[in-house]
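See below for the structure under consideration.
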Amino acid sequence: MEAINEYNINKILREAEIEKIVEEDIGELKSTGNGELVSYHKNKHNSESKSSLYVNPKEGVYHCFNCGEGGTVIDWLMKNRSHSFPEAVEYLIEKFNVKIPDMDPEEKEKFEKRIQEKKLVENIYFAAAKRLNEQMQNDNYEWLQNKYGIKKETADNLLIGYSLPSKYSLKNYLQKEEDFEIDELKKSGLFVKDYDLFQGRIVFPYWKNRKPVFFIGRKTENTPDNNWEQGKYKKLLTYSEKNSYVSETVQNQYFFGEDTVEYEEALLITEGITDAIMAHQAGFPCISPVTVQFREDDYDKLLDIAEKAEKVYIANDNEESEAGKKGALKTAKFLQKNGVKVKLIELPKPDDQEKIDLADFLRENSASDFKNLMDEAQTPLELAIEKVKNAPADQKTEIANEEVFPLLLKENAIDQDKYLKNLQDAFGGQRDVRISTLRDKLEEREEKEEKKRREEEFDDYWEGPIQPLEIENNFYAEKYFDEDNEVKVDPLCNFILKIEEKLKLPASEKIFKGKIKFEDGEEKEISLQAKDFTSNRDFRQALPAKASWLGKNSHLQRLRINLDIQNFKEIEAVEVAGRHGSQIVLPELILKNEDEEEKNLKLYTERNSLADKIPSEIPKEEELRKAAEKIYKNLPRINDPEITFGIIGWNFALPWCDIIRTEPSWGGFPHLVIWGEAGSGKTQTGKLIWRLNGVSSSHEPFSLPNTRFTRLKNYSATNLVPVFLDEYRPSAWHKRRVSSIHEELRNIYNKNSAERGTASQKINSYPMAAPVILCGEDRPRDTLGLDERMIILRPDKDVVEGNIKKFQGCREHFAELQRANMEKFAIPYWRWALKKYNWKEILENERREISEWANQSTKINSTERITNNLAIIKFGWVMFRKYGDYLGIEPNNLIEDDIESALLAIYNNIIPEGKQLDEFDKLMKLLTNMVENNQLRYRVDFSKLKRNDKKYLAIRLNPILDKAREYADKTNYKQEILSKDVYRQMAKRKVKRNSYITATGKRAYYGSKENGKQLRSIIIDPEKMEKDLDIESAIWTSTFKDRI
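Under UniProt numbering, the first residue of the sequence shown is numbered 1, with each subsequent residue one higher.
Now the structure itself:
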């Protein structure tokens, strides 16, 4: 869009016929006789006069005197069809065949390709939706009816379809019957390379402007049983680095149900796609984000849609976790603060059900029954007052200040009086809570809000080398004198920026946070990075959709002056949540010792992918006490000792994770690997650890492999709350992906940074700081140095299911722990951990004890890194007990109270049978397997060397490594084959240690007797190799004969 500059935008506005666009949305416009056309904004509101909307075709503008909306045809598309600015421009160019001058051939080709691809994708979507709907059978319709209540007529109207459980069904049809090429089909996102994305699924199209624009597929009993088909819902592929063959026009930027919303008396918002469909079937206009809550990036679009209704009702799932309720309340507060009348509906949940959603309710009840629920719905303000009523006396004032008064400010004077009376009643007759007192508090809050909104006046003339922009009626402008020496004002935009704070991040990055105020008085939160002022393109992309910027790059530099001279706070900030020196920085909270003088930091959350999971609320004392008693009673007895000891030790060492990594003699913090067969409780154990760290049980772990970009964002979001990676299945992935994930885990252990290039050819750096929980049916194996960086636990399914007598109580302890409000435990423990000034002394002591224990044991051959990791686990166990002493709670014992046995079991999980193999040892095992299967040849790949009547083995690295890689690929062998130089260095070290390798670089005889050569080799003692590696040397030595 770079070539679409201000001049070309004006050309598009001149050639586009605004009246045709408006008539498409609201019907015929009537002439006023003076060149203007008139009607009313019927897709957004009613009008008594029916003539409040004026359209001027000559000037290309419109204005509604009822709601105040107005602007160009681009504004109409953005505000009435929810187009983004680029979408609106592209739509007008295509519809009115606007020719854009000044485009270089490359830019023109790129732009025309985008337009063509968009039309191509639309055609594919129509054909695909029709075909999938034609494949619906009676059992598919019955399934929709029985499960959700969706009728056949509704399904056919929406072209809900069924994808056959075949890899090529839809592809073959669209190629043969609709004449699409495979390269064209791949652009749509409906195909994974050359096979169907949806197989054996019910497929729901999203509709926008009467066109299918997105798809999501629901799993059925006919869905193939593959690793990549396990998710209940599967979304259309969109353009990304991973899916670069998908068209850039394919993005997940739609709400389900957008086409059902015009001007409405009531608009419904719900959680799931089938909930929204059932609402449509019952006659209610409804949209859904198809998740618990809207992304904040979608708020502007949500607001545009919500403004088309007199009232908005939100009906999310009613479930025990209250995730739906929390998401609904967040959305409702946003809408109410922006002037939208909104209410929350609570669906009645039967006592014997864990949850109920809107589809469940409408399947069993009538539309009239649902209207009764709408009548009973409450506003966020009413819910906040009810929260005051139900709160303990010492918390009522705080809740009123933080949750009631901000919402009360949006009400008119009459309603304010009514709600103030309700609020007084909520305080339960406290003597000092009078209406006049509450009104004074409200006025104080209003003054505080007004002070935040007030713009600083700068009357003094700016004498610097660059002058700031002029400010005129809530917009920036350029002032100049015309030929008649008259002052002229050219508007540059439709807003002003009011910066409230500047965050200074590491690496000198600056973030400006504050509000953007539009000409019409509306304000929105905004966050701008310094790089956003680099060019007009970057600046426009950073602005909300409603903002219009017509300035030049030079105007951006002057705008920076406007920002710099504002009176705002400068705050040191970080992006990684967790421990920073002597304070713990969380999204809405800083934990710090009062006697520390370190400056408070702030967490910048907008790029933090885990901010919504990290706890930020200090619990009440009684909440902590209840949680702690449950934890100390049950946690030590949820599994066999090695599992519970490992979990407790690892978890309770987490507050020191980041510091330990920076200690020179330690250098790393181990990953926690929990692996085993299905049903062994590994995922639930991981979630339990998450909950101990304040993460709600409603959150699900990250399923591997996902994209590298997603993984890097998660690794760099926290150094305290673990990143929980589930579904580790290396056998199902390509080796490059396995290698990439293993490399990431090695780097995280030492807190190394990773870099990733962006589409704009910039390099982003990610500090890989997160502690990691890795769960799966396998564990990382045969990979350079990763074993030593892990604590490996393997729960036993029989223990979990209570099939072993001495562990029969584990299941009950686990269940009781899950019922506890464990999330309340984390923040008080972290706060206590900050005061443990002698932590280093305790840690060093545990390392000494582990070293002594390892040296005395004949079963242990530990490296320094493994010793450190075991010491960290023991340190965490000590901290667990010390915090119990601090709380006055005696912890339950492990089922077998033998710490040394638990440590030994953990050690043996890392180093099976106590034998530690390095990468050369593992290579020799692989090569032995290859010799046994005739994949390596005597006198070609290896040979013999005779010294003092003893035969030695000689191997040549170069040819052997090439063949080893090929063999590993064919046999799906999991070992990473390293480079020749790495193995050569390892071999030299082994020579110095008097291992089975006796020499490197010695010559041995290869080839036939007639044409043989003396070639440099690595020399191996077969007998010592058998002793060290448990390799039968006869597999090699039996080949020591001349075979030509």
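By construction, the Cβ of each residue, glycine as well, lies at the ideal position given by its N, Cα and C atoms.
Just so you know, these numbers come straight off a predicted model, no measurement behind them.
**Request:** To the nearest angstrom, report how far apart Ala759 and Ser240 are at their CA atoms.
**Result:** Here residue 759 is taken as the residue at index 759 of the sequence shown, counted from 1. Here residue 240 is taken as the residue at index 240 of the sequence shown, counted from 1. Reliability of the predicted coordinates at Ala759 is poor, the pLDDT of 42 falling under 50, and no value is obtained from them.
**Message:** Helix, strand or coil, according to DSSP, for Glu733 in the structure here?
**Reply:** If you number the sequence shown from 1, residue 733 lands on position 733. For the sequence presented, residue 733 should be read as Trp rather than Glu. Correct three-state label for Trp733: coil.
**Message:** Give me the residue from Asn138, Thr928, Lys479 and Thr710 with the minimum Cα distance to Pro491.
**Reply:** As a position in the sequence shown, residue 491 is number 491, starting the count at 1. Ranking the options by Cα distance to Pro491, first place goes to Lys479.
**Item:** Ser1033, buried or exposed, once every other Cβ within 10 Å from all chains shown has been counted against 16
**Value:** What you label residue 1033 is simply residue 1033 of the sequence shown in a count that begins at 1. Buried, since its Cβ has 16 or more Cβ neighbours within 10 Å.
**Prompt:** Mind checking Tyr461: buried by the 16 CB within 10 Å criterion, or exposed?
**Reply:** The residue you call residue 461 lines up with position 461 of the sequence shown. Note that Tyr461 scores 33 on pLDDT, short of 50, meaning its location in the model is unreliable and no value can be drawn from it.
**Identity of the residues DSSP links to residue 1087 by a beta bridge** = With the chain covering 1 to 1044 only, the question about residue 1087 has no answer from this structure.
**Message:** Strictly under 8 Å for the Cβ-Cβ distance: is Lys193 near chain C by that measure?
**Reply:** As a matter of chain content, chain C is missing from the structure shown, which is built from one protein chain.
**Request:** Would you mind stating whether Gly161 and Val203 have Cβ atoms separated by less than 8 Å?
**Result:** Your numbering for residue 161 matches position 161 in the sequence shown. Your numbering for residue 203 matches position 203 in the sequence shown. Yes. Within cutoff.
**Message:** Taking the beta carbon of Thr852 as the centre, do at least 16 other beta carbons fall within 10 Å, making it buried, or is it exposed?
**Reply:** As a working mapping, residue 852 is identified with position 852 in the sequence shown. For clarity, residue 852 is Glu in the given sequence; the question names Thr instead. Exposed.
**Prompt:** Which residues bound the alpha helix (DSSP H) around Asp490?
**Reply:** If you number the sequence shown from 1, residue 490 lands on position 490. For Asp490, no alpha helix (DSSP H) segment is defined; the enclosing uninterrupted segment is the beta strand (DSSP E) at Val487 to Pro491.
**Asked** Looking at C-beta atoms only, is the number of pairs between the region 814 to 834 and the region 603 to 619 that lie closer than 8 Å three or more?
**Response** Contact annotation: the region 814 to 834 touches the region 603 to 619, with at least three C-beta pairs closer than 8 Å.
**Asked** Buried or exposed: which applies to His813, given that a residue is buried once 16 or more other Cβ atoms fall within 10 Å of its Cβ?
**Response** Residue numbering aside, residue 813 sits at position 813 when the sequence shown is read from its first letter. Looking at its Cβ environment, which holds 16 or more other Cβ atoms inside 10 Å, His813 is buried.
**Message:** Am I right that Ala577 and Leu610 are in contact with their C-beta atoms under 8 Å? What's the rounded C-beta distance?
**Reply:** Along the sequence shown, read from residue 1 onward, the residue named residue 577 stands at position 577. Along the sequence shown, read from residue 1 onward, the residue named residue 610 stands at position 610. Indeed they touch by this definition, with Cβ atoms about 7 Å apart.
**Asked** Helix, strand or coil for Gln583 per DSSP?
**Response** Position 583 of the sequence shown, counted from the first residue, corresponds to residue 583. In the structure shown, Gln583 falls within a strand segment according to DSSP collapsed to helix, strand and coil.
**Asked** Does the Cβ-Cβ distance between Ala833 and Pro705 come in under 8 Å?
**Response** Within the sequence shown, residue 833 is the residue found at index 833, counting from 1. Within the sequence shown, residue 705 is the residue found at index 705, counting from 1. Contact check for Ala833 against Pro705 fails: the beta carbons are separated by 8 Å or more.
**Between the CA atoms of Met278 and Val121 - distance to the nearest angstrom** = Locating residue 121 in the sequence shown gives position 121, counting from the first residue. Locating residue 278 in the sequence shown gives position 278, counting from the first residue. Going by C-alpha positions, Val121 is about 28 Å away from Met278.
**Message:** Please report the distance separating the alpha-carbon of Arg736 from that of Leu745.
**Reply:** Stepping through the sequence shown from its first residue, residue 736 is reached at position 736. Stepping through the sequence shown from its first residue, residue 745 is reached at position 745. If I take the Cα positions, the gap works out to 14 Å.
**Asked** Apart from the five residues on each side of it in sequence, which residues of its chain come closer than 7 Å, Cβ to Cβ, to Asn869?
**Response** Position 869 of the sequence shown, counting from 1, holds the residue named residue 869. Answer for Asn869: Pro670 and Ile791, listed in chain order.
**Request:** Figure out for me which residue from Arg794, Tyr883 and Ile955 has the closest Cα to the Cα of Leu905.
**Result:** Residue numbering aside, residue 905 sits at position 905 when the sequence shown is read from its first letter. The sequence shown places Ala at residue 905, not Leu. If we check each option's Cα against that of Ala905, Arg794 comes out closest.
**Request:** For Glu310, name the three-state secondary structure that DSSP assigns.
**Result:** Looking up residue 310 in the sequence shown gives position 310. It is a strand residue.
**Request:** Use the C-beta contact count for Asn157: other C-beta atoms within 10 angstroms, 16 or more gives buried, fewer gives exposed.
**Result:** For the purposes of this step, residue 157 is identified with residue 157 of the sequence shown, where counting begins at 1. That one is exposed.
**Prompt:** Are the beta-carbon atoms of Ala573 and Leu550 separated by less than 8 Å?
**Reply:** For the purposes of this step, residue 573 is taken as residue 573 along the sequence shown, with counting starting at 1. For the purposes of this step, residue 550 is taken as residue 550 along the sequence shown, with counting starting at 1. It is not a contact, given that the beta carbons lie outside the stated cut-off.
**Prompt:** Can you tell me whether DSSP reads Ile9 as helix, strand or coil?
**Reply:** For the purposes of this step, residue 9 is identified with residue 9 of the sequence shown, where counting begins at 1. Ile9 falls in the helix class under three-state DSSP.
**Request:** Using the Cα positions of Pro205 and Leu159, report the straight-line distance between them to the nearest angstrom.
**Result:** For the purposes of this step, residue 205 is taken as residue 205 along the sequence shown, with counting starting at 1. For the purposes of this step, residue 159 is taken as residue 159 along the sequence shown, with counting starting at 1. If you draw a straight line from the Cα of Pro205 to the Cα of Leu159, it comes to about 7 Å.
**Request:** From the DSSP output, in three-state form, read off Tyr40 for me.
**Result:** Stepping through the sequence shown from its first residue, residue 40 is reached at position 40. In the structure shown, the three-state DSSP call for Tyr40 is coil.
**Asked** Per the contact definition of three or more C-beta pairs closer than 8 Å, is the region 248 to 265 in contact with the region 127 to 138?
**Response** Touching, no, given that fewer than three Cβ pairs across the two stretches are closer than 8 Å.
**Item:** Local conformation of Trp549 per DSSP, three classes
**Value:** Here residue 549 refers to the residue found at position 549 of the sequence shown. Three-state DSSP puts Trp549 in a strand.
**Asked** Which stretch, first to last residue, makes up the alpha helix (DSSP H) that contains Gly71?
**Response** Position 71 of the sequence shown, counted from the first residue, corresponds to residue 71. Boundaries for Gly71: no alpha helix (DSSP H) harbours it, while the beta strand (DSSP E) harbouring it runs Gly70 to Thr72, taken from the DSSP string.
**Asked** Between the C-alpha atoms of Leu917 and Ile911, what's the straight-line distance to the nearest angstrom?
**Response** For this step, residue 917 is matched to residue 917 along the sequence shown. For this step, residue 911 is matched to residue 911 along the sequence shown. Straight through space, the alpha carbons of Ile911 and Leu917 are spaced by roughly 8 Å.
**Message:** If you follow the alpha helix (DSSP H) that Val22 is in, where does it begin and where does it stop?
**Reply:** Position 22 of the sequence shown, counting from 1, holds the residue named residue 22. That run of the alpha helix (DSSP H) goes Ile18 to Ile26.
**Item:** Under the three-state DSSP convention, the category Leu236 falls into
**Value:** Here the question's residue 236 lines up with position 236 in the sequence shown. In this structure, DSSP gives Leu236 a state outside helix and strand, which the three-state scheme calls coil.
**Asked** Apart from the five residues just before and just after Ile471, which ones in its own chain have a Cβ nearer than 7 Å to its Cβ?
**Response** For the purposes of this step, residue 471 is identified with residue 471 of the sequence shown, where counting begins at 1. Excluding its 5 nearest sequence neighbours in each direction, Ile471 has C-beta neighbours in its own chain below 7 Å: Ile496, listed in chain order.
**Request:** Indicate the three-state DSSP secondary structure (helix, strand or coil) for Gly514 in the structure shown.
**Result:** Locating residue 514 in the sequence shown gives position 514, counting from the first residue. The DSSP-derived three-state label of Gly514 is strand.
**Distance CB(Leu563)-CB(Phe645) smaller than 8 Å** = The residue you call residue 563 lines up with position 563 of the sequence shown. The residue you call residue 645 lines up with position 645 of the sequence shown. At a Cβ-Cβ threshold of 8 Å, Leu563 and Phe645 do not count as neighbours.
**DSSP-derived helix/strand/coil call for Ala426** = Taking the sequence shown and counting its residues from 1, the one referred to as residue 426 is at position 426. If DSSP states are grouped into helix, strand and coil, Ala426 belongs with the helices.
**Item:** Close-in-space but distant-in-sequence residues of the same chain around Gly809 (CB under 7 Å, 5 per side omitted)
**Value:** By one-based count along the sequence shown, residue 809 stands at place 809. If we look at Gly809 and ignore the five residues flanking it on each side, its Cβ neighbours are Arg637.
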